[in-house]
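Reviewing the structure listed below.
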Amino acid sequence: MATLSLKGNTIHSKGELPKIGTQAPDFELAAADLSDKTLNDYKGFRVIMNIFHSIDTGTCAASVRQFNKEASKLNNTKILCISKDLPFAMARFCGAEGIDNVETLSDFRNGNFGESYNLTYVDGPIRGLLARSIIILDENGKILHTEQVQEVVEEPNYKAALAALQA
Numbered sequence: 004m005a006t007l008s009l010k011g012n013t014i015h016s017k018g019e020l021p022k023i024g025t026q027a028p029d030f031e032l033a034a035a036d037l038s039d040k041t042l043n044d045y046k047g048f049r050v051i052m053n054i055f056h057s058i059d060t061g062t063c064a065a066s067v068r069q070f071n072k073e074a075s076k077l078n079n080t081k082i083l084c085i086s087k088d089l090p091f092a093m094a095r096f097c098g099a100e101g102i103d104n105v106e107t108l109s110d111f112r113n114g115n116f117g118e119s120y121n122l123t124y125v126d127g128p129i130r131g132l133l134a135r136s137i138i139i140l141d142e143n144g145k146i147l148h149t150e151q152v153q154e155v156v157e158e159p160n161y162k163a164a165l166a167a168l169q170a
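Numbering (the numbering used here), first residue to last: 4 to 170.
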């Protein structure tokens, strides 16, 4: 288990993130149109996975806004905003905010993404949701950078995530 904090209270996610330099685990997530997306759908693109527990919280929404802003500066890069929120809720948020440079994906169907990437909270009031994390992949799905945010209410290190794409 990974030990994290929610407003100073200890909570845990299933485990550690996959190791840098390894192949990212495959996944099946629901897109906004309810189609299935897998890791193979992003082959040939660099990928930023912005993972969070719910778009309806301020910090999660801020991360989607920030990555949407950064997306226009990135070449050959897909930004995937991943949570267990229903695709309808994420589409509604993005529509209301004018966010169109990121792709929202949901792990609501089976939770396999959270399990494969060790991101499911296993205790505390938000157990069952996904831990706030960033995972950066190269064009072949190899992991270049990871960050599991230690204090749930804090934003990820955007600068470090984006720098991983420059290396």
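Idealized CB from N, CA, C, for every residue including glycine.
Predicted, not measured: the structure shown is a model, and the values here were computed from it.
Where residue i falls: helix, strand or coil (DSSP)
{"i": "E150", "result": "strand"}
{"i": "V44", "result": "One point to set straight first is that residue 44 is Asp, not Val, in the sequence displayed. In the structure shown, D44 sits in a helix (DSSP, three-state: H, G or I)."}
{"i": "R112", "result": "coil"}
{"i": "Y124", "result": "strand"}
{"i": "R49", "result": "strand"}
{"i": "K162", "result": "helix"}
{"i": "E142", "result": "coil"}
{"i": "E106", "result": "strand"}
{"i": "S119", "result": "helix"}
Cβ-based neighbour list, residue i, same chain, cut-off 8 Å, excluding 5 preceding and 5 following
{"i": "S16", "result": "M4, A5, L7, N121, L122, T123, Y124, V125, A134, Q151"}
Bounding residues of the beta strand (DSSP E) (the contiguous stretch that carries residue i)
{"i": "A5", "result": "5-9"}
{"i": "A33", "result": "31-34"}
Buried versus exposed call for residue i [16 or more other C-beta atoms within 10 Å across all chains shown]
{"i": "D88", "result": "buried"}
{"i": "D59", "result": "exposed"}
{"i": "I251", "result": "Only positions 4 to 170 of the chain appear in this structure, which leaves residue 251 out of reach."}
{"i": "I23", "result": "exposed"}
Extent of the continuous alpha helix (DSSP H) to which residue i belongs
{"i": "T62", "result": "61-74"}
{"i": "F91", "result": "90-100"}
heavy atom of the ligand GTP below 7 Å from residue i C-beta
{"i": "S119", "result": "Of ligands this structure carries none, so the ligand GTP is not represented either."}
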